[in-house]
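The next block holds one structure in the form of structure tokens; read it before the comments.
Chains as they are written, first to last, in the numbering used here: chain A, 1 to 350; chain S, 1001 to 1350.
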């Protein structure tokens, strides 16, 4: 394995766009939920493991998530990552009661802002918010973007089983559109009622359940007509688009078949002809968790090379060999530079 | 559009491998469930629509599903389909009570057998069974394969929320392995509790929910170690592998991470190193619903050209232009022949 260096000697900077952190305040709040009555089963499966297992992987991850200083910069250096776009890790504020969520959003944004100030050439922030308080969330997004220099909004998918296509969340979408910042919809565990069979089979998390949950969320945002109401909104989804690019033909065919037959009141005709038009015009895809040339090229081909961005998914998935594999993709330098650097510079206005 | 003809003039026969039929007995049973107390919500969304909507699509589909004679052969002729491999449409027997399921399996197998006898060069059957009675199902599979000439087993995914990895279904897997016939896991709507949010959003069916349900089923069969117990079993999944080929890198990475950390008692080490080994050695993928060159080629590349087969998904999705699009794929004649013809001949022993 060759040594990975920052600085762009390979012809592009590496900007990792779905990198996670957590604050001690959040971990303390998570611990309280785990110790409380009847915790959400998906949350318990996820954070009961990451917070309390003594296995190597969860121990590394909880330490690394808390790092916003020299340790993180060293891990970036070791992996050749020039810049990291950071977001409060899942479920962020969204498992909390409203008051706690509001406090955590504000405090974690301030903490992230300080880290970005300390490392202005290396760290970039996404704004947390508390969707439990949509009007307040819009104000916090505005503060974080205009006062703290945040470049996107992180939504850790559903909020107590509610999704961004529901009308109460309109202030959040309005704020993001008005401020011209993208919303990153990051996976969460499926809500109670849906998640239990996946937990029993050991597939509720990143292996499968996350993709179901967030693919569903993104598809809801499309078929509900939400993007017709917020046509300039840009939505980022990771994990190679949660497989929606691969499903694109079927999404288009079956959406049109359903609309023609008038099957659902909730999913009528859209302004754009196809579901895929929204994927190609309102979505940006990152390859977090998928350091795999075939899926990256497929998505570049069907969604567009200007809409596929690099992400590492640190610290959940961060072996250096993945960076090397992506450096070695059989792909023109121009396309690789768009993937690793310039798409992120455009999307986050760096 | 050029005229599509049967007979192989294009250099291969077209064998469609996930084609659906239904019997009047099944429709009558479905009607009873719909009229009964508190029908399963996913079933109600699906069959309440297909059985009772007067829109053009459901009317065409329910008529076409019942056709096992001249009408079906004409539709095959019109679309250039040389042979069709037929299965009792979803949810088949699996929404029924045990006694009704047993009766429907036997009767529908007899009816399908008669159709295949009437059109021996055109129609091929998959055996229905009633997983509600696993021992009886194994006997019915044996009867259907050895006496009726059926070439595979259709499992319309979960049976009242239960999946093939659960130990009570071992007799079914044993029978299929011993008789050397593949099991086709066809989508069903998600069970009660999981399906309701998807119904509300209009995405419970073929547009999205089916893929979630059946991708989950196939993944359960892998991570549970079921294929270590039945190593010769071959499983067919449609709809481009319910996106599992696209997820392959993440499945491998996260399965190994979970196993190393000992996260789940239900999902331990497997005999084969990777989840993807099972996809490449125990699964066959059809392109039902996905008449789309990029996804077909991707799957051929990552799973293997000998494991990707053509399916039309008649009558749910059967425009002739899709056949023409697949004829026109930029693909060698050898590979196209494997896709359209010879893989199916090998898998079903035609």
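In this text, a Cβ means the ideal position worked out from N, Cα and C, and glycines have one as well.
These numbers were taken from a predicted model, which means no experiment stands behind them.
Residues of chain A with CB closer than 7 Å to the CB of residue i, please, in chain order.
i, result
"residue 1317 of chain S", "253"
"residue 1294 of chain S", "298, 301, 302"
"residue 1087 of chain S", "Simply none; closest approach about 19 Å."
"residue 1243 of chain S", "243, 246, 247"
Which residues of chain S have a Cβ atom closer than 9 Å to the Cβ of residue i, listed in chain order?
i, result
"residue 320 of chain A", "Within chain S, no residue comes near residue 320 of chain A; the closest Cβ sits about 14 Å away, beyond 9 Å."
"residue 263 of chain A", "1045, 1049, 1053, 1055, 1057, 1058, 1202, 1205"
"residue 257 of chain A", "1057, 1206, 1207, 1316, 1317"
Could you tell me the alpha carbon to alpha carbon distance between residue i and residue j, rounded to whole angstroms?
i, j, result
"residue 326 of chain A", "residue 1219 of chain S", "27 Å"
"residue 174 of chain A", "residue 230 of chain A", "7 Å"
"residue 55 of chain A", "residue 1216 of chain S", "26 Å"
"residue 305 of chain A", "residue 1141 of chain S", "49 Å"
"residue 1149 of chain S", "residue 1113 of chain S", "8 Å"
"residue 1030 of chain S", "residue 1088 of chain S", "13 Å"
"residue 242 of chain A", "residue 1186 of chain S", "22 Å"
"residue 257 of chain A", "residue 8 of chain A", "48 Å"
"residue 115 of chain A", "residue 1331 of chain S", "52 Å"
"residue 46 of chain A", "residue 193 of chain A", "16 Å"
"residue 263 of chain A", "residue 172 of chain A", "30 Å"
"residue 1318 of chain S", "residue 1210 of chain S", "18 Å"
"residue 1180 of chain S", "residue 1302 of chain S", "25 Å"
"residue 1107 of chain S", "residue 1130 of chain S", "12 Å"
"residue 1153 of chain S", "residue 1237 of chain S", "12 Å"
"residue 1060 of chain S", "residue 160 of chain A", "40 Å"
Does residue i come within less than 8 Å of chain A when only Cβ atoms are used?
i, result
"residue 1080 of chain S", "no"
"residue 1302 of chain S", "yes"
"residue 1274 of chain S", "no"
"residue 1368 of chain S", "For chain S, the structure presents residues 1001 to 1350; residue 1368 of chain S sits outside this window and is missing."
"residue 1310 of chain S", "no"
"residue 1020 of chain S", "no"
"residue 1194 of chain S", "yes"
"residue 1138 of chain S", "no"
Suppose the cutoff is 7 Å on Cβ atoms and the five residues either side in sequence are ignored; what does the same chain contact list for residue i look like?
i, result
"residue 188 of chain A", "90, 91, 94, 156, 157, 158, 213"
"residue 227 of chain A", "221, 233, 278, 282"
"residue 1291 of chain S", "1322, 1325, 1326"
"residue 1049 of chain S", "1058"
Since residue i meets chain A, which of its residues come closer than 9 Å, beta carbon to beta carbon?
i, result
"residue 1216 of chain S", "197, 198, 201, 203, 208, 209, 212"
"residue 1014 of chain S", "Within chain A, no residue comes near residue 1014 of chain S; the closest Cβ sits about 19 Å away, beyond 9 Å."
"residue 1219 of chain S", "201, 203, 207, 208"
"residue 1323 of chain S", "Neighbours of residue 1323 of chain S on chain A: none; closest Cβ ~14 Å, over 9 Å."
Counting only the same chain and skipping the five closest in sequence on each side, list residues whose C-beta sits under 6 Å from that of residue i.
i, result
"residue 1274 of chain S", "1252"
"residue 269 of chain A", "259"
"residue 1177 of chain S", "1230, 1232, 1233"
So with Cβ pairs under 8 Å, would you call residue i a contact of chain S?
i, result
"residue 31 of chain A", "no"
"residue 239 of chain A", "yes"
"residue 128 of chain A", "no"
"residue 260 of chain A", "yes"
"residue 157 of chain A", "no"
"residue 114 of chain A", "no"
"residue 62 of chain A", "no"
"residue 246 of chain A", "yes"
"residue 67 of chain A", "no"
"residue 42 of chain A", "no"
"residue 152 of chain A", "no"
Leaving aside the five residues before and after residue i along the sequence, list all residues of the same chain whose C-beta is less than 8 Å from its C-beta, in chain order.
i, result
"residue 350 of chain A", "15, 83, 124, 151, 344"
"residue 1298 of chain S", "1245, 1246"
"residue 51 of chain A", "27, 30, 31, 34, 58, 62"
"residue 1134 of chain S", "1168, 1169, 1170, 1171, 1172"
"residue 122 of chain A", "73, 76, 82, 83, 84"
"residue 280 of chain A", "303, 304, 307"
Name the chain A residues that come within less than 8 Å of residue i, Cβ to Cβ?
i, result
"residue 1097 of chain S", "What residue 1097 of chain S touches in chain A: nothing, since even the nearest Cβ is about 22 Å away."
Strictly below 7 Å CB to CB, what residues from chain S border residue i?
i, result
"residue 225 of chain A", "By Cβ distance, chain S contributes nothing, its closest Cβ being about 11 Å from residue 225 of chain A, past 7 Å."
"residue 266 of chain A", "1200, 1201, 1202"
At 8 Å on the CB atoms, spell out the chain C contacts of residue i, in chain order.
i, result
"residue 290 of chain A", "Of the protein chains in this structure, namely A and S, none is chain C."
Problem - Ordered list of alpha helix (DSSP H) runs contained in the segment 216–296 of chain A, each at least 4 residues - result: 226–229, 239–242, 248–261, 275–282
Handout entry: Whole alpha helix (DSSP H) elements within the segment 125–186 of chain A, 4-residue minimum
Key = 134–146, 170–179
Problem - Complete alpha helix (DSSP H) runs within the segment 2–44 of chain A (minimum length 4 residues, chain order) - result: 24–35
Problem - Continuous beta strand (DSSP E) assignments of at least 3 residues falling wholly in the segment 48–124 of chain A - result: 83–88
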